[in-house]
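For the sequence shown, this note's numbering gives the first residue as 893, with consecutive numbering after it. Inspection log for the structure reproduced underneath, given as C-alpha coordinates.
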Amino acid sequence: MENNPLLCNPEKGLCEIPGTPTQNSTTAVQAVEKPIKVVYFTDPICSSCWGIEPQLRKLKLEYGQSIDIEYRMGGLLPDWSYNSGGISKPSDVAHHWDEVSAYYDMPIDGDVWLEDPLDSSYPPSIAFKAAQLQDQQKALLFLREIREMVFLQKKNIAKRDNLALAARKVGLDITQFKTDFEGRAKLLFEEDLKLGRAMGVRGFPTMIFSNTDGKNATVYGSKPYGDYEQAIKSLHPLAAKATYDQNWQAVFAKYTTLTAREFAELTQTPRANAEKTLNELTANGALEKQTTKNGSIWKRR
(Lines of atoms letter the chains of each structure in order from A and count residues from 1; the text may use other names and numbers.)
(Lines give C-alpha, C1' and ligand atoms only; values in the text may rest on other atoms or scores of the structure.)
Protein backbone atom coordinates (compact mmCIF):
# COMPACT_ATOMS: atom_id res chain seq x y z
CA MET A 1 0.00 0.00 0.00
CA GLU A 2 2.84 2.40 0.80
CA ASN A 3 4.19 2.06 -2.74
CA ASN A 4 1.07 2.60 -4.76
CA PRO A 5 -0.14 6.13 -5.53
CA LEU A 6 -3.77 5.11 -6.01
CA LEU A 7 -3.98 3.58 -2.54
CA CYS A 8 -4.19 6.90 -0.74
CA ASN A 9 -3.58 6.62 2.98
CA PRO A 10 -6.46 8.34 4.81
CA GLU A 11 -4.66 8.30 8.16
CA LYS A 12 -1.73 10.17 6.64
CA GLY A 13 -4.14 12.13 4.50
CA LEU A 14 -2.22 11.79 1.26
CA CYS A 15 -1.58 9.88 -1.93
CA GLU A 16 2.11 9.11 -2.25
CA ILE A 17 4.26 8.54 -5.32
CA PRO A 18 6.51 5.47 -5.20
CA GLY A 19 10.23 6.14 -4.97
CA THR A 20 12.87 7.70 -2.80
CA PRO A 21 12.32 11.30 -1.68
CA THR A 22 14.70 13.83 -3.14
CA GLN A 23 16.23 16.76 -1.33
CA ASN A 24 13.54 19.20 -0.27
CA SER A 25 14.39 22.69 -1.50
CA THR A 26 11.98 25.59 -1.20
CA THR A 27 14.47 28.36 -1.85
CA ALA A 28 12.69 29.35 -5.07
CA VAL A 29 9.37 29.91 -3.29
CA GLN A 30 8.72 33.41 -1.99
CA ALA A 31 5.63 35.55 -1.64
CA VAL A 32 5.49 38.60 -3.89
CA GLU A 33 1.99 39.93 -4.54
CA LYS A 34 0.45 38.98 -1.17
CA PRO A 35 2.01 38.33 2.26
CA ILE A 36 1.80 34.55 1.78
CA LYS A 37 2.34 32.43 -1.31
CA VAL A 38 1.04 28.86 -1.30
CA VAL A 39 2.37 26.37 -3.81
CA TYR A 40 -0.24 23.62 -3.90
CA PHE A 41 0.80 20.30 -5.48
CA THR A 42 -2.25 18.29 -6.40
CA ASP A 43 -3.67 15.87 -8.96
CA PRO A 44 -7.15 15.69 -10.54
CA ILE A 45 -7.72 12.10 -9.39
CA CYS A 46 -6.16 12.39 -5.92
CA SER A 47 -8.88 11.37 -3.48
CA SER A 48 -7.06 13.02 -0.55
CA CYS A 49 -7.04 16.30 -2.49
CA TRP A 50 -10.79 15.95 -2.97
CA GLY A 51 -10.95 15.34 0.77
CA ILE A 52 -9.48 18.78 1.60
CA GLU A 53 -11.85 20.79 -0.60
CA PRO A 54 -13.89 21.90 2.46
CA GLN A 55 -10.79 23.24 4.25
CA LEU A 56 -9.38 24.83 1.11
CA ARG A 57 -12.61 26.59 0.21
CA LYS A 58 -12.91 28.01 3.71
CA LEU A 59 -9.26 29.09 3.69
CA LYS A 60 -9.88 31.13 0.54
CA LEU A 61 -12.86 32.87 2.12
CA GLU A 62 -11.15 33.71 5.40
CA TYR A 63 -7.57 34.39 4.26
CA GLY A 64 -7.93 35.16 0.56
CA GLN A 65 -6.66 38.69 1.11
CA SER A 66 -3.40 37.34 2.56
CA ILE A 67 -2.65 34.27 0.43
CA ASP A 68 -1.95 33.68 -3.23
CA ILE A 69 -2.38 30.00 -4.16
CA GLU A 70 -0.38 28.63 -7.08
CA TYR A 71 -1.69 25.29 -8.35
CA ARG A 72 0.84 22.73 -9.58
CA MET A 73 0.09 19.29 -10.99
CA GLY A 74 1.86 16.34 -9.42
CA GLY A 75 1.51 13.43 -11.85
CA LEU A 76 -0.07 10.83 -9.59
CA LEU A 77 -0.73 8.12 -12.20
CA PRO A 78 1.56 8.09 -15.27
CA ASP A 79 0.20 4.76 -16.52
CA TRP A 80 -0.43 1.17 -15.44
CA SER A 81 3.07 -0.18 -16.16
CA TYR A 82 3.60 -1.17 -12.56
CA ASN A 83 2.27 -3.69 -10.06
CA SER A 84 2.68 -2.71 -6.44
CA GLY A 85 0.83 -2.40 -3.18
CA GLY A 86 -1.86 -4.88 -4.16
CA ILE A 87 -2.93 -2.92 -7.22
CA SER A 88 -2.20 -4.25 -10.68
CA LYS A 89 -5.30 -3.07 -12.54
CA PRO A 90 -7.89 -0.28 -12.28
CA SER A 91 -10.60 -2.45 -10.73
CA ASP A 92 -8.40 -2.88 -7.66
CA VAL A 93 -8.95 0.81 -6.85
CA ALA A 94 -12.77 0.72 -6.76
CA HIS A 95 -13.31 -0.56 -3.21
CA HIS A 96 -10.48 1.59 -1.86
CA TRP A 97 -12.12 4.76 -3.18
CA ASP A 98 -15.38 3.78 -1.49
CA GLU A 99 -13.50 3.46 1.82
CA VAL A 100 -11.76 6.81 1.34
CA SER A 101 -15.13 8.43 0.64
CA ALA A 102 -16.41 7.36 4.05
CA TYR A 103 -13.21 8.46 5.79
CA TYR A 104 -13.24 11.99 4.38
CA ASP A 105 -17.04 12.29 4.38
CA MET A 106 -16.86 13.41 0.75
CA PRO A 107 -18.82 11.63 -2.00
CA ILE A 108 -16.59 9.39 -4.13
CA ASP A 109 -17.99 6.58 -6.28
CA GLY A 110 -15.24 4.05 -6.88
CA ASP A 111 -17.24 2.28 -9.58
CA VAL A 112 -15.60 4.48 -12.22
CA TRP A 113 -12.68 2.04 -11.96
CA LEU A 114 -15.04 -0.80 -12.88
CA GLU A 115 -17.14 0.93 -15.53
CA ASP A 116 -14.85 3.40 -17.33
CA PRO A 117 -11.36 3.30 -15.77
CA LEU A 118 -8.66 5.88 -16.37
CA ASP A 119 -5.34 4.82 -17.83
CA SER A 120 -3.49 7.92 -16.54
CA SER A 121 -3.97 11.17 -14.66
CA TYR A 122 -1.68 12.97 -17.09
CA PRO A 123 -4.34 14.02 -19.65
CA PRO A 124 -6.54 15.84 -17.08
CA SER A 125 -3.42 17.39 -15.54
CA ILE A 126 -2.28 18.70 -18.92
CA ALA A 127 -5.84 19.90 -19.58
CA PHE A 128 -5.71 21.94 -16.38
CA LYS A 129 -2.50 23.60 -17.54
CA ALA A 130 -4.23 24.39 -20.84
CA ALA A 131 -7.07 26.00 -18.89
CA GLN A 132 -4.59 28.05 -16.88
CA LEU A 133 -3.14 29.47 -20.09
CA GLN A 134 -6.53 31.04 -20.81
CA ASP A 135 -7.84 32.14 -17.43
CA GLN A 136 -6.74 31.29 -13.89
CA GLN A 137 -10.22 31.49 -12.37
CA LYS A 138 -11.82 29.44 -15.13
CA ALA A 139 -9.00 26.92 -14.67
CA LEU A 140 -10.02 26.44 -11.03
CA LEU A 141 -13.63 25.98 -12.11
CA PHE A 142 -12.41 23.46 -14.68
CA LEU A 143 -10.45 21.51 -12.05
CA ARG A 144 -13.49 21.36 -9.81
CA GLU A 145 -15.64 20.28 -12.74
CA ILE A 146 -13.42 17.36 -13.75
CA ARG A 147 -13.12 16.28 -10.13
CA GLU A 148 -16.89 16.15 -9.83
CA MET A 149 -16.93 14.21 -13.10
CA VAL A 150 -14.58 11.50 -11.89
CA PHE A 151 -15.54 11.29 -8.20
CA LEU A 152 -19.32 11.63 -8.48
CA GLN A 153 -20.36 11.07 -12.09
CA LYS A 154 -18.03 8.12 -12.78
CA LYS A 155 -16.69 9.76 -15.94
CA ASN A 156 -13.26 8.94 -17.31
CA ILE A 157 -11.52 12.33 -17.29
CA ALA A 158 -8.55 10.96 -19.22
CA LYS A 159 -10.82 10.98 -22.29
CA ARG A 160 -10.58 14.11 -24.39
CA ASP A 161 -14.31 14.30 -25.03
CA ASN A 162 -14.97 14.61 -21.30
CA LEU A 163 -12.22 17.19 -20.89
CA ALA A 164 -13.66 19.22 -23.75
CA LEU A 165 -17.12 18.98 -22.20
CA ALA A 166 -15.78 20.40 -18.93
CA ALA A 167 -13.87 23.13 -20.76
CA ARG A 168 -17.01 24.26 -22.55
CA LYS A 169 -19.05 24.22 -19.35
CA VAL A 170 -16.72 26.66 -17.57
CA GLY A 171 -16.53 28.98 -20.57
CA LEU A 172 -13.11 28.24 -22.03
CA ASP A 173 -12.36 28.79 -25.71
CA ILE A 174 -12.46 25.18 -26.86
CA THR A 175 -10.33 25.69 -29.96
CA GLN A 176 -7.57 27.35 -27.97
CA PHE A 177 -7.95 24.74 -25.24
CA LYS A 178 -7.35 21.89 -27.68
CA THR A 179 -4.39 23.67 -29.28
CA ASP A 180 -2.74 24.36 -25.93
CA PHE A 181 -3.44 20.80 -24.77
CA GLU A 182 -1.31 19.50 -27.63
CA GLY A 183 1.41 22.12 -27.22
CA ARG A 184 2.30 24.56 -24.46
CA ALA A 185 0.29 22.84 -21.73
CA LYS A 186 2.42 19.70 -22.00
CA LEU A 187 5.56 21.75 -21.42
CA LEU A 188 4.01 23.48 -18.42
CA PHE A 189 2.99 20.12 -16.97
CA GLU A 190 6.57 18.88 -17.33
CA GLU A 191 7.70 22.01 -15.49
CA ASP A 192 5.30 21.18 -12.66
CA LEU A 193 6.70 17.65 -12.39
CA LYS A 194 10.25 19.00 -12.40
CA LEU A 195 9.45 21.55 -9.69
CA GLY A 196 7.78 18.90 -7.56
CA ARG A 197 10.86 16.69 -7.75
CA ALA A 198 13.14 19.63 -6.93
CA MET A 199 11.02 20.48 -3.89
CA GLY A 200 10.94 16.90 -2.66
CA VAL A 201 7.19 16.48 -3.10
CA ARG A 202 6.31 12.80 -2.74
CA GLY A 203 2.58 12.96 -2.19
CA PHE A 204 -0.61 14.95 -2.52
CA PRO A 205 -1.96 17.21 -1.28
CA THR A 206 1.20 19.14 -0.42
CA MET A 207 0.97 22.85 0.37
CA ILE A 208 4.12 24.91 0.80
CA PHE A 209 3.46 28.29 2.45
CA SER A 210 6.08 31.04 2.06
CA ASN A 211 6.30 34.68 3.13
CA THR A 212 8.07 37.67 1.60
CA ASP A 213 11.27 36.78 3.48
CA GLY A 214 11.39 33.36 1.87
CA LYS A 215 10.59 31.51 5.10
CA ASN A 216 8.27 28.57 4.60
CA ALA A 217 6.02 26.03 6.26
CA THR A 218 4.68 22.85 4.69
CA VAL A 219 1.36 21.14 5.32
CA TYR A 220 1.70 17.61 3.99
CA GLY A 221 -1.47 15.64 3.42
CA SER A 222 -5.10 16.26 4.35
CA LYS A 223 -5.16 18.02 7.71
CA PRO A 224 -7.74 19.81 9.86
CA TYR A 225 -8.47 23.42 8.99
CA GLY A 226 -6.43 24.70 11.93
CA ASP A 227 -3.21 23.28 10.48
CA TYR A 228 -3.51 25.44 7.35
CA GLU A 229 -4.46 28.45 9.43
CA GLN A 230 -1.45 27.91 11.69
CA ALA A 231 0.90 27.74 8.69
CA ILE A 232 -0.31 31.21 7.65
CA LYS A 233 -0.05 32.63 11.16
CA SER A 234 3.46 31.24 11.66
CA LEU A 235 4.70 33.16 8.62
CA HIS A 236 2.44 36.21 8.84
CA PRO A 237 1.30 36.73 12.46
CA LEU A 238 -0.69 39.83 11.51
CA ALA A 239 -2.84 37.94 8.99
CA ALA A 240 -6.43 38.93 9.66
CA LYS A 241 -9.26 36.45 9.32
CA ALA A 242 -11.99 37.92 7.13
CA THR A 243 -15.61 37.49 8.03
CA TYR A 244 -17.99 36.38 5.31
CA ASP A 245 -21.71 35.84 4.93
CA GLN A 246 -22.50 32.28 6.02
CA ASN A 247 -26.08 32.37 4.76
CA TRP A 248 -26.80 29.49 2.38
CA GLN A 249 -27.47 31.85 -0.54
CA ALA A 250 -24.12 33.56 -0.02
CA VAL A 251 -22.03 30.39 0.11
CA PHE A 252 -23.77 28.98 -2.96
CA ALA A 253 -23.16 32.29 -4.73
CA LYS A 254 -19.46 31.86 -4.02
CA TYR A 255 -19.26 28.12 -4.75
CA THR A 256 -21.86 26.82 -7.15
CA THR A 257 -21.75 23.22 -5.90
CA LEU A 258 -21.31 22.04 -2.33
CA THR A 259 -21.20 18.70 -0.55
CA ALA A 260 -22.73 18.39 2.90
CA ARG A 261 -19.31 18.46 4.53
CA GLU A 262 -18.33 21.57 2.57
CA PHE A 263 -21.59 23.27 3.53
CA ALA A 264 -21.04 22.35 7.18
CA GLU A 265 -17.48 23.74 7.10
CA LEU A 266 -18.40 26.99 5.37
CA THR A 267 -21.51 27.74 7.42
CA GLN A 268 -20.13 26.45 10.75
CA THR A 269 -23.10 24.12 11.01
CA PRO A 270 -22.99 20.67 12.66
CA ARG A 271 -22.65 18.05 9.94
CA ALA A 272 -26.04 16.37 10.56
CA ASN A 273 -27.81 19.73 10.63
CA ALA A 274 -26.05 20.78 7.42
CA GLU A 275 -27.41 17.84 5.46
CA LYS A 276 -30.87 18.38 6.93
CA THR A 277 -30.80 22.02 5.81
CA LEU A 278 -29.63 21.08 2.32
CA ASN A 279 -32.38 18.48 1.98
CA GLU A 280 -35.00 20.97 3.15
CA LEU A 281 -33.79 23.52 0.59
CA THR A 282 -34.00 20.79 -2.05
CA ALA A 283 -37.55 19.91 -1.03
CA ASN A 284 -38.47 23.61 -1.24
CA GLY A 285 -37.12 23.82 -4.78
CA ALA A 286 -34.15 26.08 -4.00
CA LEU A 287 -31.46 23.48 -4.65
CA GLU A 288 -30.86 20.50 -6.91
CA LYS A 289 -29.40 17.36 -5.38
CA GLN A 290 -27.22 14.81 -7.14
CA THR A 291 -26.99 11.57 -5.20
CA THR A 292 -24.33 8.90 -5.54
CA LYS A 293 -23.98 5.66 -3.67
CA ASN A 294 -21.52 7.36 -1.30
CA GLY A 295 -23.07 10.77 -0.73
CA SER A 296 -24.55 13.77 -2.48
CA ILE A 297 -23.73 17.20 -3.89
CA TRP A 298 -26.05 20.20 -4.18
CA LYS A 299 -26.31 23.21 -6.49
CA ARG A 300 -28.69 26.14 -6.82
CA ARG A 301 -31.59 25.82 -9.26
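The beta-carbon is built from N, C-alpha and C at its ideal position, and this holds for glycine as well. A quick note: this is a predicted structure, and the numbers were derived from the prediction, not measured.
Would you give the residue range spanned by the alpha helix (DSSP H) that residue i belongs to?
i     : result
V921  : From DSSP, V921 is part of no alpha helix (DSSP H); its letter is neither H nor E.
Y955  : E945 to Y955
A1166 : R1163 to A1175
D1209 : Because the chain spans 893 through 1193 in this model, residue 1209 falls outside it and cannot be assessed.
S1126 : Y1117 to L1127
Sorted by chain position, which residues of the same chain lie with C-beta nearer than 6 Å to residue i's C-beta, five sequence neighbours on each side aside?
i     : result
D960  : E925, K926 and K929
P982  : W1005 and P1009
D1084 : R964 and M965
P1016 : P936, I1038 and I1049
F1069 : A1022 and A1059
L1080 : K1021
Check the DSSP bridge columns for residue i and list the partner residues they point to.
i     : result
S1102 : K929 and N1108
W1190 : L1150 and K1181
L906  : N901
T934  : M965
First and last residue of the beta strand (DSSP E) that includes residue i?
i    : result
E962 : I959 to M965
Between the alpha carbons of residue i and residue j, how many angstroms are there, rounded?
i     : j     : result
T914  : R1089 : Below a pLDDT of 50, predicted positions are generally treated as unreliable, and T914, at 49, falls in that range; the measurement from the model is reported next regardless. Whole-angstrom Cα-Cα distance: 7 Å.
A1023 : I1038 : 12 Å
L948  : A1156 : 13 Å
T1161 : K950  : 13 Å
Q1122 : T1067 : 43 Å
F1144 : K1051 : 29 Å
C938  : M965  : 11 Å
R1076 : G943  : 30 Å
Q922  : G1177 : 47 Å
D1181 : M998  : Sequence check: residue 1181 is Lys here, not Asp. When rounded, the distance between both Cα atoms is 15 Å.
V1093 : A1175 : 45 Å
Y1120 : F1101 : 9 Å
D1105 : L968  : 31 Å
L1011 : N1108 : The question names Leu, but residue 1011 is Asp in the sequence shown. Spanning the two alpha carbons is a distance of roughly 35 Å.
R1193 : Q1141 : 11 Å
N1103 : L1130 : 12 Å
L1127 : D1003 : 42 Å
CB-CB under 7 Å to residue i, same chain, minus the five flanking residues each way: which ones, in chain order?
i     : result
F1073 : I1018, A1019 and A1022
G1063 : K1030
K1185 : D1001
K1133 : E954 and Y955
L906  : C900, S940, G1095, F1096, P1097, Y1112, G1113 and S1114
N1054 : M1041, K1047 and N1048
By Cβ distance below 8 Å, which residues in the same chain neighbour residue i in space, the five residues on each side in sequence not counted?
i     : result
E962  : K929, V930, V931 and Y932
A1166 : A1152, R1153, F1155, A1156 and T1159
E991  : P902
Q1138 : L1158, T1159 and Q1160
What are the complete alpha helix (DSSP H) segments, minimum 4 residues, inside the stretch 1071–1102?
1076–1090
For the stretch 979–1031, list the alpha helix (DSSP H) runs that are entirely contained and at least 4 residues long, ordered along the chain.
986–996, 1004–1007 and 1014–1026
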